[in-house]
Amino acid sequence: MSTRVSYVFSGHQTFVLRASWLKRLYDVLLRDPHALTSDDAVVQLGVGKNMVEAMRYWAQMTGMITPAEKGWQPTPIAHTLLADNGLDPFVVTAWTRWWLHWSLVKSPAYMWRHVFMRLTGNDINVDAVVRDVQNYLGSQGVKTPAIDVLRRDLNCLLRCYQPHAPSESLSEDLLLCPLISLELLQSHDDGARLVSTTRDDLPDSLVVAAIADAMHQKQTQIMPFSELMWGEHGPGRLFRMSEDALLDRVARLDGLTHGAASYSDHGGVRAVQWADVAQVDVTQIALGALQSEVAR
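Per our numbering, the sequence shown starts with residue 516, numbered consecutively.
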């Protein structure tokens, strides 16, 4: 049976996400919602035609813009972050960079979803991952793009996250892509490897929000720790947290949520309980740490 899931392939024109593009496009769309479709888009945005398409792609996949009548408009989170008096208009905080990563993984950009939610193991070999994507999409009844399209998507993803080798000169990608600083990938053999760490720069509020979101996805008020750690929507996979690191965060859930959620370990059965999780605003919970940081 075919699925109605609508995934996105290509559109980035092989350009990686650049932090400055989000603010630039936000400002232009405030003045002219039709800027991306106008004949003088390259003039208004100050980039070439392919880059205009790439800017639209990244802004849409990170949830910063949404279609409007004959044009595009910034989303509420874009106003919160990117306005002149916003919380992080130039994407300099770890919070915003982790938020962008999370937004991409949840977006229709399928390669992000596959690598960070569905990939088995930690090693990323381009040929193997492309085959894996083809097999998965085929099993779901989704029309599979050409191999070259999937390769370009995966290579673009790798360039967004992969740090340069000490012997390499700094490229424009490395200087401008905000996702590299997250250290989610490291070079390995002829590809890359996903890395799990304590994620000390990952704000508690994002982990709490990701827990709520995972419970939303499963429509449950109780979730086993194993599901949060290794499940498709859990923060363990999403943020590549070590088991001890995630355990430390969930053990503090009672305090972090002012008693709304709790963690228990009874006879080795570890689980999170959150009675009113269905009413939780995930974005507002996530924004807590950034709002506190800016207020200081």
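All residues carry an ideal CB built from backbone N, CA and C; glycine is no exception.
Residue closest to residue i, alpha-carbon to alpha-carbon, out of the options
| i | options | result |
| --- | --- | --- |
| Leu691 | Glu747, Ser618, Phe605 | Phe605 |
| Ser757 | Arg785, Ala804, Tyr522, Arg714 | Arg714 |
| Tyr676 | Asn650, Gly751, Ala574, Arg612 | Arg612 |
| His703 | Val641, Gly653, Arg667, Gln736 | Val641 |
| Ala727 | Arg674, Val795, Arg633, Pro660 | Val795 |
| Met566 | Asp555, Gln528, Val645, Gly586 | Gln528 |
| Gly783 | Leu673, Pro739, Gln799 | Pro739 |
| His773 | Asp663, Ser720, Asp599 | Ser720 |
| Thr577 | Ala801, Pro718, Leu619, Ser654 | Leu619 |
| Cys671 | Val531, Gln559, Leu551, Ala624 | Val531 |
| Val792 | Leu802, His594, His731 | His731 |
| Trp536 | Val797, Val523, Leu652, Val557 | Val557 |
| Ser521 | Lys564, Leu551, Pro623, Thr552 | Pro623 |
Buried versus exposed call for residue i [16 or more other C-beta atoms within 10 Å across all chains shown]
| i | result |
| --- | --- |
| Lys621 | buried |
| Glu742 | buried |
| Trp617 | buried |
| Val722 | buried |
| Lys538 | buried |
| Tyr572 | buried |
| Ile800 | buried |
| Pro582 | exposed |
| Ile580 | buried |
| Trp745 | exposed |
| Ala707 | buried |
Closer than 8 Å: residue i CB and nearest the ligand GTP heavy atom
| i | result |
| --- | --- |
| Thr595 | Absence of the ligand GTP is noted for the structure shown, with no ligands found whatsoever. |
Where the alpha helix (DSSP H) containing residue i begins and where it ends
| i | result |
| --- | --- |
| Ile726 | 719 to 733 |
| Leu753 | 750 to 753 |
| Gly653 | 641 to 654 |
| Tyr522 | Per DSSP, Tyr522 belongs to no alpha helix (DSSP H) and is neither H nor E. |
| Met632 | Looking at the DSSP string, Met632 is not in any alpha helix (DSSP H), and its letter there is neither H nor E. |
| Val557 | 556 to 560 |
| Thr611 | 609 to 621 |
| Val765 | 758 to 766 |
| Ser553 | Note, Ser553: premise wrong, no alpha helix (DSSP H); not H, not E. |
| Lys658 | Note, Lys658: premise wrong, no alpha helix (DSSP H); not H, not E. |
For residue i, the first and last residue of its enclosing beta strand (DSSP E)
| i | result |
| --- | --- |
| Val787 | 784 to 789 |
| Ile662 | Note, Ile662: premise wrong, no beta strand (DSSP E); alpha helix (DSSP H) at 662 to 676. |
| Met744 | Looking at the DSSP string, Met744 is not in any beta strand (DSSP E); the run it does join, the alpha helix (DSSP H), is 740 to 745. |
Bridge partners - residue i, DSSP secondary structure assignment
| i | result |
| --- | --- |
| Asp780 | Arg785 |
| Leu700 | Leu709 |
| Asp796 | Its beta-bridge partners do not exist; DSSP assigns none. |
| Asp638 | Arg708 |
Neighbour flag for residue i against chain B, beta carbons, 9 Å
| i | result |
| --- | --- |
| Leu771 | Looking for chain B here will not work: only one protein chain is present. |
Go through the region 574 to 601 residue by residue and report every complete run of the beta strand (DSSP E) that reaches 3 residues or more, in order.
Counting only runs of 3 or more, we get 580 to 583, 586 to 589.
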